[in-house]
């Protein structure tokens, strides 16, 4: 199976979030910026070295991949009051070198990216390209330009923004040749500039020895350090604070992502202000993000997110080690006829990731959604692991995770167990087999998704499943709770609030249930949102709305915790 590849460690981050002095420039980002948490980026005396990650997101239908270039999220971005000129020296270019700017960084969902407005400028060989997506252009480019530049491995890229923040014009030049120009389409209306870099060619790389920004006359630029985050004063007691008083040891959690947490101070205040005591890593620890190329483990974004959680007193639940989705290209290309080889890949991945986070991640979804949607001979979903390794992959995954961190709690995570008797019967059979084999499994995650009017969680059913889990001498957690809220045939708020309260009350009443996690906090970044022809449609399944206002579900849960 081979030894686990050596994982990179993240460099330390500054001990306080600060806004640098407003200045007219020049601001030297290479000398003063914090890029230690950026995936694929190395810092050194020769500047920033950007290496190709090949990171991409597998689409929901499994037919293709979407680019996922790294952005500076936990680190340095800019605030601006008006125009600026940015000069980036590109050296030792191997393939395509790209610089990315955004007024707000993209948000990564399970199977898609919501581009909220971005500019990508790249150079490859004797060709330069610029592509602008606006916040209202449905993920499509509103401006695209391609032009010739002198061939070579070194170029000077200049990006000039003039005009007002809400409108303005972009002028982009390479090597002081005639620039291209087009409207900015409100790209920097937020007054912020977020930074990204991408070596877009397989095995490609480039170096940035100098990256300077100077403000236009009458305007100012400041560097902002987003790490680490600290909550402000919150009115009243949050849900976790109430739970700690009334049910010591019980944790309320939420799935969080780096892009929303670092780019939105108001959301960070909500997430870190006492409402939750447990963070699930929504996407950051999935296979396609952590090991985008074989043997290339890229932990730095996840490290920053986990450190921020721990700095703010949150326990961390890792999601997920083995899953039939979120698989990188190279894994899907492995020979299906060689189960020993595939097993080695899976075990190396588990050992490397769990060892890296030993002592920092308290629990793991070791295997996520192993059950088939429809009945099969053994009840298991025929995902890539089941097809190639066989049913034993589940037991082997738990064994590898336990060997890597004997102190971590290990869960199997599945949907529909609390609502569908046949799914729970299948899961119980699987659990009994694993326990009988001596597999080191600690518990079951009940996802508790309520997606429509027919999908209702009944307290007695949930209670019965929890008690049967206790009979197996396992523990349980509510792992991904969300509840739809837009059915016009029923009192929307009442139904949503009642379902959140029912699940929480039942969980608290059963000693086997150790925690309850929402699959997100606010609809502003809700996991139930989706793209409709490129337009983000906001979901409606989480306790706080798009404006970060608590829905009636929050008060209903507060009542449960204080009654």
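Numbering (the working numbering), first residue to last: 108 to 670.
Ideal placement from N, C-alpha and C gives every residue a C-beta, glycine not left out.
Source: prediction; values computed, not measured.
DSSP, reduced to helix, strand and coil, places residue 659 within a helical segment of the structure shown. According to the DSSP secondary-structure assignment, residue 149 is paired through a beta bridge with 156.
Of the residues assessed, residue 229 falls on the buried side of the cut-off, its CB having 16 or more other CB atoms within 10 angstroms. Exposed is the label assigned to residue 309, since fewer than 16 other Cβ atoms lie within 10 Å of its Cβ.
Residue environment: residue 262 is assigned as buried (16 or more neighbouring CB atoms within 10 Å of its CB, all protein chains considered). Closest in C-alpha terms to residue 633, from the list 181, 152 and 588, comes 588. For residue 426, there is no enclosing alpha helix (DSSP H); the residue is part of the beta strand (DSSP E) that begins and ends at 422–430. Contact between the segment 448–463 and the segment 349–367 is not established, with fewer than three Cβ pairs separated by less than 8 Å.
Using a 10 angstroms sphere on the CB of residue 586, the tally of other CB atoms reaches 16 or more, which defines it as buried. A direct Cα-to-Cα measurement between residue 183 and residue 143 gives close to 10 Å. In the three-state reduction of the DSSP assignment, residue 136 falls in the helix class.
Shown here, residue 442 sits in coil according to DSSP, grouped into three states, outside any helix or strand. Assignment of residue 548 by DSSP, reduced to helix, strand and coil, places it in the coil class. Contact check for residue 460 against residue 522 fails: the beta carbons are separated by 9 Å or more. Cα atoms of residue 571 and residue 532: separation of roughly 12 Å, rounded to the nearest angstrom. Taking the Cα positions, residue 265 is about 10 Å away from residue 320. For residue 501, no beta strand (DSSP E) segment is defined; the enclosing uninterrupted segment is the alpha helix (DSSP H) at 500–511. CA-CA distance, residue 325 to residue 643, rounds to 36 Å. Inside the segment 447–505, DSSP marks whole beta strand (DSSP E) runs of 3 or more residues at positions 470–475, from first to last along the chain. Per DSSP, the continuous beta strand (DSSP E) segment holding residue 172 begins and ends at 172–174. Inter-residue distance for residue 361 and residue 604 is about 17 Å (C-alpha atoms, whole angstroms). Per the DSSP secondary-structure output, residue 521 pairs in a beta bridge with 553. From the listed residues 575, 636 and 164, the smallest Cα separation to residue 396 is found for 164. Classified as buried, residue 389 has 16 or more neighbouring CB atoms from the shown chains inside 10 Å of its CB. The beta carbon of residue 408 sits closer than 8 Å to those of 144, 145, 146, 177, 180, 181, 365, 391 and 396, all from its chain and outside the five residues before and after it, given in chain order. About 6 Å separates the CB atoms of residue 377 and residue 628; that is less than 8 Å, so the two are in contact. Straight through space, the alpha carbons of residue 298 and residue 619 are spaced by roughly 49 Å. Of all C-beta pairs linking the segment 548–556 to the segment 329–337, fewer than three are shorter than 8 Å, placing the two stretches out of contact. Taking C-alpha positions only, residue 654 is separated from residue 631 by approximately 7 Å. The segment 533–549 makes contact with the segment 573–586: 3 or more CB pairs, one atom from each, lie closer than 8 Å. When the Cα atoms are used, residue 148 and residue 303 turn out to be separated by approximately 10 Å.
With contacts defined by Cβ atoms closer than 9 Å, residue 277 and residue 197 do not form a contacting pair. Here DSSP, grouped into helix, strand and coil, assigns residue 413 to helix. With 16 or more neighbouring CB atoms inside 10 Å of its own CB, residue 281 falls in the buried class. Our two residues, residue 614 and residue 354, have alpha carbons roughly 11 Å apart in a direct line. Residue burial annotation: residue 458 is buried, with at least 16 other C-beta atoms found within 10 angstroms of its C-beta.
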